[in-house]
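Number of protein chains: 2
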Amino acid sequence: MALDRLIEKIEQTQNPTVAGLDPKLDYVPEYIKKKCFEKHGETLKGAAKALYEFNKGLIDALYDIVPAVKPQAAYYEMYGVAGVKALYKTQEYARSKGMYVITDGKRNDIGTTMEAYATAHLGKVKVGGEEYEPFLGDALTVNGYLGSDGIKPLLKVCKENDKGIFVLVKTSNPSSGELQDRPVAGTPIYELMGNMCEEWGKELSGVYGYSGVGAVTGATYPEQIKRLREILPHTFFLIPGYGAQGATAADIAAAFDKNGLGGIVNSSRGIMCAYQKEKCSEREFAEAARREAIRMRDEIMGYVGKITTAKG
Amino acid sequence: MALDRLIEKIEQTQNPTVAGLDPKLDYVPEYIKKKCFEKHGETLKGAAKALYEFNKGLIDALYDIVPAVKPQAAYYEMYGVAGVKALYKTQEYARSKGMYVITDGKRNDIGTTMEAYATAHLGKVKVGGEEYEPFLGDALTVNGYLGSDGIKPLLKVCKENDKGIFVLVKTSNPSSGELQDRPVAGTPIYELMGNMCEEWGKELSGVYGYSGVGAVTGATYPEQIKRLREILPHTFFLIPGYGAQGATAADIAAAFDKNGLGGIVNSSRGIMCAYQKEKCSEREFAEAARREAIRMRDEIMGYVGKITTAKG
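From first to last, the protein sequence lines are chains Z and F.
For the first sequence, the tail end lands on 312 under the working numbering, and the numbers increase by one without skipping.
For the second sequence, the tail end lands on 312 under the working numbering, and the numbers increase by one without skipping.
Now the structure itself:
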């Protein structure tokens, strides 16, 4: 139930980080693109095959030390139907390697339409007498601007399929405060959204104290993370903004409880483009990604300490 | 530029309505499902082919009298990669018939990720020396919770490709007020979001007085529509909630200016499932959809009067 499977993977790997798979074609080594373009042409299919090859190499290099991947739907949709197929195949491959899959889609709608998104990304759909998993996420990021009508359909599907969600609360971008920081009777909107996560989470309680309704809280806002950890004791945090967006391990330390639980920190470009930063051979992209994942893990674990689900 | 092409189509058809294409398999006539399942099995592909056949019949029945279609991405994603292909083919067919395509995806993210969504749904992507349109929308619905960082990347792509967006302002669902109605220094959040639409729209001004940044405003909240029309003179409204959700033509009358411009009203189930409501033969689904579209047009035009882009 809830995000328990993710928490168990984090404990098992002693690593509260997730590798974001946001594969722009610019990030993919030339030799992979060349191979795929020779076979499929400079087409959307050729591009999609290159993204998948790249992701596969990253997953092979990371699956034993990193608990989860977070493919960002936008980068797959950008390559059309073929790109969306690469998203599915990436999810499938990550799952086959035992990784937890967080689909970053920030989906939102109401009623039966939100049910359709929940079914698409976390559930199963019936076609005649058969049943299929349309996409293969273990958790999905969602946007709560529409209120409970947009979240409740997810809770039902999460319960039935042992899945979780992460609701946008305080996002990592510079302009996130334009709306999210505005005060409603003295309380900023992101806190209101956080409080709603605690409330929605009551329907999806987990065995390790955290519910199946997590929150997205940007690493670039350390004070807000600290405050949110205090007021949202049952809400697990998905934390973007580390590395490329400028936040450090010290900035996110407050997200974690005394057992080292409470959050998972994302790095996308930092890991995917490690070979460019290292200026090593592009054929070493996977090894460079692994080196960066280890560096990041060790840096963050320096603040987190030992991770345990054992009751103290 | 902006939403001008949509406004021209509305004037040409004298019809400020859009047909929502949210095709659940339950809505599709049995004879279409039977044919597609016989050919492709009870598979996601079989389901997707059935959705497309259904949509094609609806578009054929509507394209000369209804200016636009609004496929809702969730219902296609629900059938996996095959379903997403049906979305593309539906957009392609609607475009070939001259209809304006509003992709209802409520996408949202920041920076380069939002650029990727903008490219996916409104732009063109480069693959080597070639350029492709990943999906074929003329406009996209988006969620502004993340602030300007989530909207500005869209404006650039809209400008380059003559496209528009609709930002969620006041949604039609019962719980929309949980967040959207909360007051910030006396101003409800939906008004703040509306004001941001006016501001963002300055970068995409249109020749008929309305910018390329529209707002989603639920027909179920007539008082709020009235207020938003007063304070947002350059913002075109996409109005869901008519029919199945209980709103009437009288409820949305205030959205329109003295030239009959200012909004477009969506009906999904009302049109798609007209044959079920009429209890006619399912083979008459397209004719029934047309009858309902004409009824809806005439009812709304009773409040709107003549639609003209001519300067008064």
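Note that beta-carbon positions come from the ideal geometry of N, C-alpha and C, so glycine has one too.
This structure is a prediction, so every number in the text was calculated from the model and none was measured.
query = What number of angstroms, rounded off, separates the C-alpha of residue 18 of chain Z from the C-alpha of residue 82 of chain Z?
reply = Your numbering for residue 18 of chain Z matches position 18 in the first sequence. Your numbering for residue 82 of chain Z matches position 82 in the first sequence. Cα-Cα distance, rounded: 25 Å.
request  = Closer than 7 Å, Cβ to Cβ, to anything on chain F: give me those residues from the stretch 162 to 175 of chain Z, in chain order.
outcome  = 168, 171, 173, 174, 175
ask   = Measuring CB to CB, does residue 182 of chain Z end up less than 7 Å from residue 213 of chain F?
value = Here the question's residue 182 of chain Z lines up with position 182 in the first sequence. Here the question's residue 213 of chain F lines up with position 213 in the second sequence. In this structure, residue 213 of chain F does not lie closer than 7 Å to residue 182 of chain Z by Cβ.
key: Check whether residue 6 of chain F and residue 132 of chain Z have beta carbons under 7 Å apart   = In the second sequence, counting from the first residue as 1, residue 6 of chain F sits at position 6. In the first sequence, counting from the first residue as 1, residue 132 of chain Z sits at position 132. No, the Cβ-Cβ distance between residue 6 of chain F and residue 132 of chain Z is not below 7 Å.
query = Between the C-alpha atoms of residue 12 of chain Z and residue 42 of chain Z, what's the straight-line distance to the nearest angstrom?
reply = Along the first sequence, one-based indexing puts residue 12 of chain Z at 12. Along the first sequence, one-based indexing puts residue 42 of chain Z at 42. Roughly 42 Å between the two C-alpha positions.
ask   = Quick one: does residue 99 of chain F have its CB under 7 Å from some CB of chain Z?
value = Position 99 of the second sequence, counted from the start, is the residue given in the question as residue 99 of chain F. For residue 99 of chain F, the answer is no, since every Cβ of chain Z falls outside 7 Å of its Cβ.
task = Assign residue 64 of chain F to buried or exposed, taking buried as 16 or more other Cβ atoms, counted over all protein chains shown, within 10 Å of its Cβ.
result = To locate residue 64 of chain F, count along the second sequence from 1; it is residue 64. So residue 64 of chain F ends up on the exposed side.
Helix, strand or coil at residue 284 of chain Z [DSSP, three-state] = Residue mapping note: residue 284 of chain Z aligns to position 284 of the first sequence, counting from 1. Here residue 284 of chain Z sits in helix by DSSP.
ask   = Under the three-state reduction of DSSP, which class applies to residue 105 of chain Z: helix, strand or coil?
value = Position 105 of the first sequence, counted from the start, is the residue given in the question as residue 105 of chain Z. Strand at residue 105 of chain Z.
ask   = residue 110 of chain Z touches chain F at which residues, Cβ-Cβ below 7 Å?
value = Locating residue 110 of chain Z in the first sequence gives position 110, counting from the first residue. Within chain F, the residues near residue 110 of chain Z are 171, 173.
query = Counting along the chain, where does the alpha helix (DSSP H) carrying residue 73 of chain Z start and finish?
reply = Residue 73 of chain Z sits at position 73 when you count from the first residue of the first sequence. Residues 73 to 77.
request  = Check whether the Cβ of residue 149 of chain Z lies closer than 7 Å to any Cβ atom in chain F.
outcome  = Residue numbering aside, residue 149 of chain Z sits at position 149 when the first sequence is read from its first letter. So, interface residue.
key: Spatial distance of residue 166 of chain Z from residue 139 of chain Z (CA atoms)   = Counting from one through the first sequence, the residue named residue 166 of chain Z turns up at place 166. Counting from one through the first sequence, the residue named residue 139 of chain Z turns up at place 139. Taking the straight line joining both Cα atoms gives about 7 Å.
Limits of the beta strand (DSSP E) - the one that residue 88 of chain F falls within = Mapped onto the second sequence, residue 88 of chain F falls at position 88. In the DSSP annotation of this structure, residue 88 of chain F is not part of any beta strand (DSSP E); the continuous alpha helix (DSSP H) holding it starts and ends at 80 to 96.
ask   = Taking the C-alpha atoms as reference points, what is the distance between residue 86 of chain Z and residue 223 of chain F?
value = As a first step, residue 86 of chain Z must be located in the first sequence, where it is residue number 86. As a first step, residue 223 of chain F must be located in the second sequence, where it is residue number 223. Approximately 45 Å, taken between the alpha carbons.
request  = Report the option in F:228, F:239, F:107, F:254 whose CA atom is closest to the CA atom of residue 195 of chain F.
outcome  = If you number the second sequence from 1, residue 195 of chain F lands on position 195. Checked all of F:228, F:239, F:107, F:254; the closest Cα to residue 195 of chain F is F:228.
message = Quick check: what's the CA-CA separation for residue 208 of chain Z versus residue 306 of chain Z?
response = Position 208 of the first sequence, counted from the first residue, corresponds to residue 208 of chain Z. Position 306 of the first sequence, counted from the first residue, corresponds to residue 306 of chain Z. Looking at the two C-alpha atoms, the distance is approximately 15 Å.
Close-in-space but distant-in-sequence residues of the same chain around residue 274 of chain F (CB under 7 Å, 5 per side omitted) = As a working mapping, residue 274 of chain F is identified with position 274 in the second sequence. Contacts found: 288, 289, 291, 292.
ask   = Which of the three DSSP states, helix, strand or coil, is assigned to residue 217 of chain F?
value = Position 217 of the second sequence, counted from the first residue, corresponds to residue 217 of chain F. In the structure shown, residue 217 of chain F sits in a strand (DSSP, three-state: E or B).
query = Relative to the alpha-carbon of residue 299 of chain Z, which residue among Z:57, Z:243, Z:24, Z:272 has its alpha-carbon at the smallest distance?
reply = In the first sequence, counting from the first residue as 1, residue 299 of chain Z sits at position 299. Considering only alpha carbons, the answer is Z:243.
message = I want to see whether chain Z comes within less than 7 Å of residue 199 of chain F, judged by CB atoms only; does it?
response = The count along the second sequence starts at 1 and reaches residue 199 of chain F at position 199. Not an interface residue.
message = Rounding to the nearest angstrom, what Cα-Cα distance links residue 230 of chain F and residue 101 of chain Z in this structure?
response = Position 230 of the second sequence, counting from 1, holds the residue named residue 230 of chain F. Position 101 of the first sequence, counting from 1, holds the residue named residue 101 of chain Z. In a straight line, the C-alpha of residue 230 of chain F is about 46 Å away from that of residue 101 of chain Z.
key: Listed by chain order, chain Z residues near residue 194 of chain F by CB distance under 8 Å   = For the purposes of this step, residue 194 of chain F is taken as residue 194 along the second sequence, with counting starting at 1. The premise fails here: residue 194 of chain F is roughly 12 Å from chain Z at the closest Cβ pair, so nothing lies under 8 Å.
task = Could you name the residues that DSSP lists as bridge partners for residue 100 of chain F?
result = By 1-based counting over the second sequence, the position of residue 100 of chain F is 100. Bridge partners of residue 100 of chain F: F:68.
CA-to-CA distance, residue 24 of chain F to residue 110 of chain Z, given in whole angstroms = Walking along the first sequence from the start, residue 110 of chain Z turns up at place 110. Walking along the second sequence from the start, residue 24 of chain F turns up at place 24. Approximately 15 Å between the Cα atoms of the pair.
message = Just to check my reading of the structure: residue 120 of chain Z and residue 78 of chain F have Cβ atoms closer than 8 Å, yes? What is that Cβ distance to the nearest angstrom?
response = Counted from its first residue, the first sequence places residue 120 of chain Z at position 120. Counted from its first residue, the second sequence places residue 78 of chain F at position 78. Between residue 78 of chain F and residue 120 of chain Z the Cβ distance is about 5 Å, and since that is below 8 Å, they are a contact.
request  = Return helix, strand or coil for residue 267 of chain Z, following the three-state DSSP convention.
outcome  = Within the first sequence, residue 267 of chain Z is the residue found at index 267, counting from 1. Strand.
Cutoff 6 Å; reference residue 245 of chain F; Cβ partners in own chain excluding five residues on either side = As a working note, residue 245 of chain F is residue 245 in the second sequence. Taken in chain order, the residues that qualify are 172, 220.
ask   = By the criterion of Cβ-Cβ separation under 7 Å, what are the contact partners of residue 72 of chain Z in chain F?
value = Your numbering for residue 72 of chain Z matches position 72 in the first sequence. In chain order: 113.
inquiry  = Residues of chain F with CB closer than 8 Å to the CB of residue 135 of chain Z, please, in chain order.
reply    = As a first step, residue 135 of chain Z is located in the first sequence; it is residue number 135 there, counting from the start. The answer, in chain order, is 77, 80.
query = Name the DSSP beta bridge partners of residue 127 of chain F, please?
reply = Counted from its first residue, the second sequence places residue 127 of chain F at position 127. Answer is F:130.
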